[in-house]
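Asks: Below is a structure I'd like to ask you about.
Residue numbers (my numbering): 25 to 284.
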């Protein structure tokens, strides 16, 4: 892990990643009701908002659309992914390289790990050259740490989420994105377990403005460094409005009541 306070992903010591890897991970069904956002330009435009410190996308979107936005958007290159069509044990295939991401102008690297699955050893081994190449290119790396598998009975439990956060530190990530363990104190425990690693809240499925903003505020209160959010922004009728509110909560320490 390296200091990242001066990274493009960090502003006022906080981070807000707009995640848009859902076309691969979940498919076009995620765009029901907002079909216009099947055009990635719609989400790239959202990423120009001042609250967004980076946009996380995969290879195809980075190649096709990022050149038009490189002056206004920081690129977090998501190097692996899988589709909802795969029915086996979760495994996120490595589908482009750090070197190619760097050529495209990436500001950071993103990588998913599923601790607890049958192929955990392979995923850890896949991550090793990615992490080391990111160091060679002086690019911070964010790990999506999502425990799964037969041995994980409750993937949002206090101990499992703390373990997920700790794995990011142990494997050399700079940021670790984890699910909310459904309890503010449990999230505080995950932050403690991560030590100097920066924990990012996974935005998850779309909820009401109030529920979402109260969740983010609770997490910021216990030391979370920010969030990586997709559907709770780009599935909304007015994404700029929720980004305005998130800017107050994440970067200015405001409460949900303050911004609503």
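Built from N, CA and C at the ideal position, the CB exists for glycine as well.
1) Rounded to the nearest angstrom, what separates residue 66 and residue 81 at their Cα positions?
2) Per DSSP, residue 169 is paired with what?
3) Would you report the Cα separation of residue 101 and residue 83, rounded to the nearest angstrom?
4) Taking DSSP as the reference, what is the three-state secondary structure of residue 180?
5) At 4 residues or longer, what runs of the alpha helix (DSSP H) sit wholly inside the segment 40-110?
6) With distances taken from CA atoms, which of 180, 103, 128 is nearest residue 139?
7) What residue from 238, 204, 151, 215 has the CA that sits closest to residue 197's CA?
8) With a 10 Å radius around its C-beta and 16 neighbouring C-beta atoms as the bar for buried, classify residue 54 as buried or exposed.
9) Could you pull out every residue in the same chain whose Cβ sits closer than 8 Å to the Cβ of residue 124, ignoring the five residues on either side in sequence?
10) Residue 85 and residue 133 - do their beta-carbons sit closer together than 8 Å?
11) Quickly, what does DSSP pair residue 200 with across the bridge? List them, please.
12) Quick one: what's got a C-beta closer than 6 Å to residue 281's C-beta in the same chain, skipping five residues either side?
13) Excluding the 5 residues preceding and the 5 following residue 50 in the sequence, name in chain order all residues of the same chain whose CB lies nearer than 7 Å to its CB.
14) Quick one: give me the first and last residue of the beta strand (DSSP E) that residue 237 is part of.
15) So residue 224 and residue 154 are supposed to be a Cβ contact under 8 Å. How far apart are they, rounded?
16) Between which two residues does the alpha helix (DSSP H) holding residue 251 run?
17) So the alpha helix (DSSP H) residue 275 belongs to, where does it begin and stop?
18) Nearest CA to the CA of residue 59: which residue from 259, 26, 279?
19) Leaving out five residues on either side along the sequence, give the residues of the same chain with a beta carbon under 8 Å from the beta carbon of residue 243.
Replies: From the atom records:
1) In this structure, the alpha-carbon of residue 66 lies about 13 Å from that of residue 81.
2) In the DSSP assignment, residue 169 is bridged to 137.
3) Whole-angstrom Cα-Cα distance: 7 Å.
4) Coil at residue 180, not helix or strand.
5) Qualifying alpha helix (DSSP H) stretches, in chain order: 46-49, 64-70, 83-89.
6) Per the Cα distances, 180.
7) Measuring from the Cα of residue 197, the nearest candidate turns out to be 151.
8) So residue 54 counts as buried.
9) Setting aside the 5 residues that flank it on each side, residue 124 is surrounded in the same chain by 83, each with a C-beta closer than 8 Å to its C-beta; the list follows chain order.
10) Between residue 133 and residue 85, the gap from beta carbon to beta carbon reaches 8 Å or more.
11) Bridge pairing for residue 200: 167, 223 [DSSP].
12) Cβ within range, chain order: n/a, list empty.
13) Excluding positions up to five away in sequence, the list reads 108.
14) Run containing residue 237: none in the beta strand (DSSP E); it sits in the alpha helix (DSSP H), 233-245.
15) At roughly 18 Å, the Cβ-Cβ gap does not stay under 8 Å, so residue 224 and residue 154 are not in contact.
16) That residue, residue 251, is in no alpha helix (DSSP H); its beta strand (DSSP E) goes 250-253.
17) Looking at the DSSP string, residue 275 is not in any alpha helix (DSSP H), and its letter there is neither H nor E.
18) Comparing Cα positions, the closest option is 259.
19) Once the five neighbours on either side are set aside, the close Cβ partners of residue 243 are 204, 208, 211, 225, 251.
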